[in-house]
Amino acid sequence: MCGIVGYVGREQAAPILLEGLSRLEYRGYDSAGICVSADGRLQLSKSKGRLQNLIEKTENGALLPGTLGIGHTRWATHGEPNDINSHPHLSQGGKIALVHNGIIENYLELRQFLQAKGVQFASETDSEVVAQLLEFYYLQTHSVFDALYMVLHRIEGAYALGILCADEPDRIYAARKDAPLLLGYGNGCNFIASDVTALVKHTRTVAYMEDGEVAVLTRDSIRVFDAMEQEVQKERHFVDWEISAAEKGGYPHFMLKEIMEEPDAVRRTISPRLKGGRITLDDLTLTRQELEGFSRICIIACGSSYHVGVIGKYNIEKLARIPVEVTLASEFRYCDPLVDEKTLVLVISQSGETLDTMAAMREAKARGARVLSIVNVVGSSIARESDDVLYTWAGPEIAVATTKAFSTQLVLLDMIALYFADLLGRIAPERYQALVDEISRLPEKMEAILQDCKGIQHYASQYFNHESIFFIGRNLDYALGLEGSLKLKEISYIHSEAYASGELKHGTISLVEQGTLVVALSTYSPLFDKAMSNVVEVKARGAQVLALTTARHRAEMEKNADAILTIPETEDMFLPSLGVIPLQLFAYYMALQRGCDIDKPRNLAKSVTVE
Ligand code: F6R
């Protein structure tokens, strides 16, 4: 949600802020703004809509002189997207400019408090309350630092803050709680950002702010203080990817580029963990004895990461014979969950910052559970708070719809399933070996699918006018359908549902009529015949069927389906890893045909740091 960037240095700040925001736009894109400090003046420019409007309005920053500033790209929570509700927010007396990511839960109460003191508000946002409260205390204390701590003691909720004060034209203040914020160490300049992508062009040396910390940045130093106002020394990290990883590299969309990167991303995720024909999870401290002590595994995640968990449940239970429950993080938090020290909680998150997932993880930890997380963003909050973390090496994912991160999460979860099965002695050595060998063949098989996407493009051009589409499947194909359906609806805005095929007859089949498009997922061999019966069932009601199956079932499927996509053969447990690629491409080409803004779908944003 929302992107924040801040710069203090020797160069003109505005173009640097705008460039940083362009890399953060995927976090929110309904309005953007910057504030630059020069000679004790806070110069503000904001614009509704895409960042391009702001770039044009400020002549790419040229209209705002000054070497210190903050910027923001917004995903609206409180108050509609318009120029006034955009950030940065200026306090009534013009002393404070502030950008905020997160939600201030007690903003109404604070707003009333300030209004009673004569403060007038310009916007409807929760964020402006923080700017006004800061100025209110600053006018009393004449110290931004002291006033900021007073504010932090009063506000409730989640925040990453970037702050300028007109009277202190050499520094940026920053604070964080439950929303990501990074410090970037440059040469004669320093940065804040909500995401490393905004920094890598300028510096690869970063530090992650912790909850409760306050940072004071000048061009020559960054000082950080904890909640008790004590100075702390931050550990610095080196970001080891190139700026090109966050650029389109000739592709029309990040999403297509990221789909094409899936074989490499999976290779990077599995290779370091395959040694001498065995799975080695060096980062995992869990012992056999500890694993034996768990009565069950509970997987917690949101959205596509949740779908990885649904697939993982089938594979973990089948291989390791440990009961697995998969719960949406947003539900887990409030269901008085039955987890304790005998529960292993697996948390799955690309960003490592999803608020619901983080809150659910904290709830589980508070109840004694042990947490193992699968995370893509190194140093993110979920990664840092887990007992163990296994990183996916997908690289930066910019398109809002996840693709390569999904694939790396899935293969890593499958590796965990196999590792557990082996550790517990629940899999025969030959079977283990066959499955491990197959993991290393997956990237090649993914490449084969990607080399021939013409069929998918063709079907998309045939079906893009459908307004309602059903995905059906059994077992792993059902779980795969959940992801195929989500991908389609989020970027093409076509209504779609995923159903376990066996459930159709219990109600949903009433919606199938002449011409309804049904995507029949029939890759899972043990249930192919049953899948075929469901195809026949919907065909009999007039449905058009696009089937996804494996090469060996193609001929059989041709007898009933109207159109067929095939994937190479693999071990059953890995079918979703191959099957998801045609579904991602199908969603992509459907959205392309409909002229949708694929990388930035309406109402969505990458990294959901609000509840
Ligand atoms: C869908 C998508 C979302 C995320 C979900 C969880 O394409 O990207 O459904 O999967 O918001 O995000 P993470 O994995 O960052 O916790």
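Per the numbering used here, the very first residue in the sequence shown carries number 109; after that it's consecutive. Idealized CB from N, CA, C, for every residue including glycine. Remember, predicted model here, so these are calculated numbers, not experimental data.
Would you list the one or two residues that DSSP bridges to residue i?
{"i": "K72", "result": "Examination of residue 72 is not possible in this model, given that the chain is present from 109 through 719 alone."}
{"i": "E433", "result": "C406"}
{"i": "S329", "result": "According to DSSP, which records beta bridges pairwise, S329 is partnered with nothing at all."}
{"i": "G592", "result": "DSSP output for G592 lists no bridge partner at all."}
{"i": "S576", "result": "H603"}
{"i": "T674", "result": "T657"}
{"i": "C285", "result": "Rather than Cys, the amino acid found at residue 285 in this sequence is Lys. Beta-bridge pairing links K285 to Y267."}
{"i": "I456", "result": "I482"}
{"i": "S145", "result": "L150, L176"}
{"i": "F346", "result": "T313"}
{"i": "H197", "result": "L206"}
{"i": "G292", "result": "F299, V314"}
{"i": "T451", "result": "R404"}
{"i": "I419", "result": "Its beta-bridge partners do not exist; DSSP assigns none."}
{"i": "I212", "result": "G265"}
{"i": "D496", "result": "L480"}
Which of the three DSSP states is assigned to residue i in this structure?
{"i": "A274", "result": "coil"}
{"i": "K156", "result": "strand"}
{"i": "N298", "result": "strand"}
{"i": "S641", "result": "helix"}
{"i": "R182", "result": "strand"}
{"i": "L307", "result": "coil"}
{"i": "Q622", "result": "coil"}
{"i": "L712", "result": "coil"}
{"i": "G226", "result": "coil"}
{"i": "L550", "result": "helix"}
{"i": "Y442", "result": "coil"}
{"i": "V322", "result": "strand"}
{"i": "N383", "result": "The residue asked about is misnamed: residue 383 is Lys in this sequence, not Asn. Strand at K383."}
{"i": "D234", "result": "helix"}
{"i": "L171", "result": "coil"}
{"i": "E339", "result": "strand"}
{"i": "A140", "result": "strand"}
{"i": "Y540", "result": "helix"}
Is residue i near residue j, with beta carbons less than 8 Å apart?
{"i": "S189", "j": "S139", "result": "Per the sequence shown, the amino acid found at residue 189 is Pro instead of Ser. Yes. Within cutoff."}
{"i": "R376", "j": "V116", "result": "no"}
{"i": "T624", "j": "S576", "result": "yes"}
{"i": "R582", "j": "G563", "result": "no"}
{"i": "I506", "j": "Y134", "result": "yes"}
{"i": "F579", "j": "S548", "result": "no"}
{"i": "L498", "j": "D391", "result": "yes"}
{"i": "E433", "j": "C410", "result": "no"}
{"i": "Q151", "j": "L176", "result": "no"}
{"i": "D707", "j": "V485", "result": "no"}
{"i": "I300", "j": "A283", "result": "no"}
{"i": "A568", "j": "Y697", "result": "yes"}
{"i": "H574", "j": "I602", "result": "yes"}
{"i": "R441", "j": "A468", "result": "yes"}
{"i": "T657", "j": "E677", "result": "no"}
{"i": "Q721", "j": "Q228", "result": "Not covered by the structure: residue 721. The range shown for the chain is 109 to 719."}
{"i": "G148", "j": "D234", "result": "no"}
How long is the line joining the alpha carbons of residue i and residue j, rounded to whole angstroms?
{"i": "L436", "j": "T388", "result": "29 Å"}
{"i": "G265", "j": "N214", "result": "8 Å"}
{"i": "T616", "j": "A608", "result": "10 Å"}
{"i": "A353", "j": "L518", "result": "21 Å"}
{"i": "F636", "j": "S630", "result": "6 Å"}
{"i": "W183", "j": "D191", "result": "13 Å"}
{"i": "I330", "j": "N193", "result": "30 Å"}
{"i": "V418", "j": "S302", "result": "30 Å"}
{"i": "G226", "j": "Q240", "result": "11 Å"}
{"i": "D49", "j": "T451", "result": "Outside the modelled stretch of the chain, which goes from 109 to 719, sits residue 49, for which no answer is possible."}
{"i": "K595", "j": "L712", "result": "12 Å"}
{"i": "E339", "j": "D372", "result": "42 Å"}
{"i": "E645", "j": "E666", "result": "15 Å"}
{"i": "L550", "j": "Y540", "result": "16 Å"}
{"i": "V238", "j": "D495", "result": "34 Å"}
{"i": "L531", "j": "A525", "result": "10 Å"}
{"i": "Q341", "j": "D334", "result": "10 Å"}
{"i": "Y586", "j": "S515", "result": "17 Å"}
{"i": "R118", "j": "R327", "result": "8 Å"}
{"i": "S593", "j": "S457", "result": "19 Å"}
{"i": "V544", "j": "R386", "result": "7 Å"}
{"i": "M336", "j": "I263", "result": "16 Å"}
{"i": "A743", "j": "K647", "result": "Because the chain is modelled from 109 through 719, residue 743 falls outside the range shown and cannot be assessed."}
Check the Cβ-Cβ distances between residue i and every residue of chain C, and say whether any is below 8 Å.
{"i": "Q240", "result": "The question asks about chain C, but that chain is absent: this structure has only one protein chain."}
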